[in-house]
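S.K.:
There are 2 protein chains.
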Amino acid sequence: MKNYTKQEIVEFEKRYRTNFVNSLWGFKSVNLVGTISAEGFTNLAIFSQVVHLGASPALVGLIVRPAETDRHTYTYMKEVGDFTLNHLHKDIIRQGHQTSARYAKGRSEFEATGLSPIWSDEIKSPYVKESRMRIGCKYVDEMTIKQNGTILVVGSVEEVWVDEEAVQKDGFINLESIGTITCSNLDSYHETKKLTRLSYAKPDQPLTEL
Amino acid sequence: MKNYTKQEIVEFEKRYRTNFVNSLWGFKSVNLVGTISAEGFTNLAIFSQVVHLGASPALVGLIVRPAETDRHTYTYMKEVGDFTLNHLHKDIIRQGHQTSARYAKGRSEFEATGLSPIWSDEIKSPYVKESRMRIGCKYVDEMTIKQNGTILVVGSVEEVWVDEEAVQKDGFINLESIGTITCSNLDSYHETKKLTRLSYAKPDQPLTEL
Chain H
0 MKNYTKQEIV EFEKRYRTNF VNSLWGFKSV NLVGTISAEG FTNLAIFSQV VHLGASPALV
60 GLIVRPAETD RHTYTYMKEV GDFTLNHLHK DIIRQGHQTS ARYAKGRSEF EATGLSPIWS
120 DEIKSPYVKE SRMRIGCKYV DEMTIKQNGT ILVVGSVEEV WVDEEAVQKD GFINLESIGT
180 ITCSNLDSYH ETKKLTRLSY AKPDQPLTEL
Chain X
0 MKNYTKQEIV EFEKRYRTNF VNSLWGFKSV NLVGTISAEG FTNLAIFSQV VHLGASPALV
60 GLIVRPAETD RHTYTYMKEV GDFTLNHLHK DIIRQGHQTS ARYAKGRSEF EATGLSPIWS
120 DEIKSPYVKE SRMRIGCKYV DEMTIKQNGT ILVVGSVEEV WVDEEAVQKD GFINLESIGT
180 ITCSNLDSYH ETKKLTRLSY AKPDQPLTEL
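These protein sequences, in sequence, are chains H and X.
If you're matching positions, the first sequence starts at 0 in numbering that gives the first Met the number 0 and goes up one per residue.
If you're matching positions, the second sequence starts at 0 in numbering that gives the first Met the number 0 and goes up one per residue.
(1) Under a CB-based cut-off of 8 Å, is tyrosine 75 of chain H close to chain X?
(2) Can you list the residues of chain H that glutamate 158 of chain X reaches, using a CB-CB cut of under 7 Å?
(3) For threonine 68 of chain X, count neighbouring C-beta atoms within 10 Å of its own C-beta (all shown protein chains included) and say buried if the count is 16 or more, exposed if not.
(4) Nearest chain X C-beta to glutamate 129 of chain H closer than 8 Å, yes or no?
(5) Indicate whether at least one CB of chain H lies closer than 8 Å to the CB of glutamate 163 of chain X.
(6) DSSP beta-bridge partners for proline 116 of chain X?
(7) Check for me: the alpha helix (DSSP H) holding serine 22 of chain H runs from which residue to which?
(8) Quick check: the Cα distance between glycine 105 of chain H and threonine 143 of chain X, rounded to an integer number of angstroms?
(9) Using a beta-carbon distance below 8 Å, is leucine 114 of chain X in contact with chain H?
(10) Taking Cβ-Cβ distances shorter than 8 Å, what residues in chain X pair up with leucine 206 of chain H?
(11) Can you find a C-beta in chain H that's less than 8 Å from the C-beta of isoleucine 122 of chain X?
(12) Output the distance between the C-alpha atoms of histidine 71 of chain H and valine 127 of chain H, rounded to the nearest integer angstrom.
(13) Whose Cβ in chain H lies nearer than 9 Å to the Cβ of alanine 44 of chain X?
(14) So, does the segment 58-66 of chain X touch the segment 50-57 of chain H, judging by three or more C-beta pairs under 8 Å?
(15) From which residue to which residue does the alpha helix (DSSP H) around glycine 170 of chain X run?
(16) With a 10 Å radius around its C-beta and 16 neighbouring C-beta atoms as the bar for buried, classify serine 155 of chain X as buried or exposed.
(17) According to DSSP, what are the bridge partners of methionine 132 of chain X?
(18) For serine 55 of chain X, count the other beta carbons within 10 Å of its own beta carbon; 16 or more makes it buried, fewer makes it exposed. Which is it?
(19) Please check the pair serine 124 of chain X and phenylalanine 82 of chain X, which I expect to be a contact at CB under 8 Å, by giving their CB distance rounded to whole angstroms.
(20) Does the segment 168-175 of chain X come into contact with the segment 157-170 of chain H, if we say contact requires no fewer than three beta-carbon pairs (one atom in each stretch) closer than 8 Å?
(21) Does glutamate 24 of chain H pass the burial test, meaning 16 or more other C-beta atoms within 10 Å, or should it be called exposed?
(22) Where isoleucine 134 of chain H and lysine 201 of chain H are concerned, what is the direct C-alpha to C-alpha distance, given to the nearest angstrom?
(23) Less than 8 Å separating the beta-carbons of methionine 132 of chain H and valine 161 of chain H?
(24) Since I believe glycine 33 of chain H is in contact with asparagine 85 of chain H (beta carbons under 8 Å), could you give me their beta-carbon distance rounded to a whole number of angstroms?
(25) Using a Cβ-Cβ cut-off of 7 Å (strictly less than) and excluding sequence neighbours within five positions of threonine 207 of chain X, which residues of its own chain qualify?
(26) At a CB-CB cut-off below 7 Å, which residues of chain X make contact with serine 86 of chain H?
(27) Within a Cβ cutoff of 7 Å, which residues of the same chain sit near threonine 98 of chain H, ignoring the five residues on either side of it in sequence?
(28) Give me the chain X residues within the contact set of threonine 195 of chain H, using Cβ-Cβ distance strictly less than 7 Å, ordered along the chain.
(29) Could you name the residues of the same chain whose beta carbon sits closer than 7 Å to that of glutamate 78 of chain X, not counting the 5 residues immediately before and after it, in chain order?
(30) Ignoring anything shorter than 4 residues or poking outside the segment 21-98 of chain H, list the alpha helix (DSSP H) runs there in chain order.
(31) Just the chain H side, please: which residues come within less than 9 Å of arginine 16 of chain X by C-beta, in chain order?
(32) How about threonine 34 of chain X: is its C-beta nearer than 8 Å to some C-beta of chain B?
(33) Give a yes or no on whether 8 Å exceeds the smallest Cβ distance from arginine 70 of chain X to chain H.
(34) Would you report the Cα separation of asparagine 2 of chain X and serine 130 of chain H, rounded to the nearest angstrom?
(35) Could you round the C-beta distance between cysteine 136 of chain X and glutamate 163 of chain X to whole angstroms and report it? I think they count as a contact, below 8 Å.
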């Protein structure tokens, strides 16, 4: 195994370092975040920095970068108070990835990519019609990570839309059955194949497959 | 698609809700976190709540639950000041999952699961020898999410150990080549198959495959 020191990583060429460091954490969830401004401009952005914060109440964390050039998502979710998360699947990878282009304010990524907004009574922000798992969240709070100015947005789950067949008897959602994909780095998309699901672990007791 | 309201989710039976909500965010990275106490007790714990916070400097976030019964990982990383992240692959899924059992303090998950500690000069905490990607981090800071008492630990990357062949010319790390797997919910493990890697998106320009 090769050892990369902190100093070497700091001295990497910028683009190389971005790829390297973004690859370190393994495969990530990938969601399209839908928002709308107070004026009614819709926005859609691909996010791989989403993290589970709790099940009761159901809370999610979104990491928003401090770069100021394209923060429509962040601005709009604060303005209006909610946002949507929409899983990516095989057939909408290119449209999803294209939402990361820096469109001018007022130019909707829905229009630019051909993805369709769909609305719900609970949430003002648009969902992605093509997505097979959609989660409506309220903006609840935020915290700034002082080391680099990055923001953790805390959201609460207000509603979920998903194919009922995907929800198993114990509440587990079979993400493969709805084609949810995963990503690595900022640009590589992968489908998955289940290896195993294991029982709740207890000391000195054998695990069983669920 | 079926609609689940916030009220329905709140009223789910506890175990059902845990499965349902932990499934919402898609596939997640899965790492074994290695730590050591000031007294020299080693600890290993499986974590799916790891999030990229920045590339320059390289920062990672770990979500630590407020549940107090088993916080050896959190206690030790604060005590000693560092921790390791070790990717999971196919051959060590069962051992990795078994680390989530609630072992008494002083009983090392390394011993209990048969995974081997390996040491570096840079970091006091143990790495997992069987892992094919190992990241040494310093504990830098923490913030409490007041809505549920969950803690975001901020760590800085001090060194990386990885098969050199996995690191491509542009810094992208081919995680499939080192067998890194992904998880959904808290107990389901999946291998991946690359679908595509796409070029940097710009408005009104076609994407190309990398």
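Think of the CB as a built atom: it goes at the ideal place given N, C-alpha and C, for glycine as much as any other residue.
M.R.: On the basis of the data shown:
(1) Taking Cβ atoms only, chain X never reaches closer than 8 Å to tyrosine 75 of chain H, which makes this a no.
(2) Chain H residues near glutamate 158 of chain X: Asn2, Tyr3, Thr4 and Lys5.
(3) Low per-residue confidence applies at threonine 68 of chain X: pLDDT is 43, beneath 50, and the placement is therefore not dependable enough to give any value.
(4) No, glutamate 129 of chain H does not count as interfacial toward chain X.
(5) Interface residue, yes.
(6) Under DSSP, proline 116 of chain X takes part in a beta bridge, and its partners are X:Val127.
(7) Element bounds for serine 22 of chain H: 13-22.
(8) About 36 Å.
(9) No - not a single Cβ of chain H is within 8 Å of the one on leucine 114 of chain X.
(10) The answer, in chain order, is Arg93, His96 and Gln97.
(11) Chain H contact via Cβ: absent.
(12) So the alpha carbons of these two residues sit roughly 17 Å apart.
(13) Near alanine 44 of chain X there are no residues of chain H at all, since even the closest Cβ is about 11 Å away, more than 9 Å.
(14) Pairwise C-beta distances place the segment 58-66 of chain X in contact with the segment 50-57 of chain H, as three or more of them are shorter than 8 Å.
(15) Taken as a continuous stretch (DSSP letters only), glycine 170 of chain X belongs to no alpha helix (DSSP H), as it is neither H nor E.
(16) By the beta-carbon neighbour count (other beta carbons within 10 angstroms, threshold 16), serine 155 of chain X is buried.
(17) According to DSSP, methionine 132 of chain X bridges with X:Val161.
(18) Counting Cβ neighbours within 10 Å, serine 55 of chain X comes out exposed, since fewer than 16 surround it.
(19) Under the criterion of beta carbons closer than 8 Å, serine 124 of chain X and phenylalanine 82 of chain X qualify as touching, at roughly 5 Å.
(20) No: fewer than three Cβ pairs fall under 8 Å.
(21) Before going on, a small fix: residue 24 of chain H reads as tryptophan here, not glutamate. By the neighbour-count rule (16 or more Cβ atoms within 10 Å), tryptophan 24 of chain H is buried.
(22) Our two residues, isoleucine 134 of chain H and lysine 201 of chain H, have alpha carbons roughly 33 Å apart in a direct line.
(23) The answer is yes: Cβ separation under 8 Å.
(24) The Cβ separation is near 6 Å, so the contact holds.
(25) Answer for threonine 207 of chain X: Ser198, listed in chain order.
(26) According to the sequence shown, residue 86 of chain H is histidine rather than serine. Going along chain X in sequence order, the residues near histidine 86 of chain H (Cβ under 7 Å) are Gly25.
(27) Correct list, in chain order: Leu31, Leu43, Ala44, Ile45, Glu108 and Thr112.
(28) Result: Ile92 and Tyr188.
(29) For glutamate 78 of chain X, same chain residues with a beta-carbon under 7 Å away, outside a window of 5 residues either side, are Ser36 and Ala37 in chain order.
(30) Taking only runs of at least 4 residues, the alpha helix (DSSP H) segments lying wholly in the segment 21-98 of chain H are 71-79 and 92-97.
(31) Contact annotation for arginine 16 of chain X against chain H: Ala54, Ser55, Ala57 and Gly170 [CB-CB distance below 9 Å, chain order].
(32) Among the chains of the structure shown, chain B does not appear; the protein chains present are H and X.
(33) False, the Cβ-Cβ gap to chain H never drops below 8 Å.
(34) Going from the Cα of asparagine 2 of chain X to the Cα of serine 130 of chain H covers about 14 Å.
(35) Taking the Cβ atoms as the reference, cysteine 136 of chain X lies roughly 21 Å from glutamate 163 of chain X, outside the contact range of under 8 Å.
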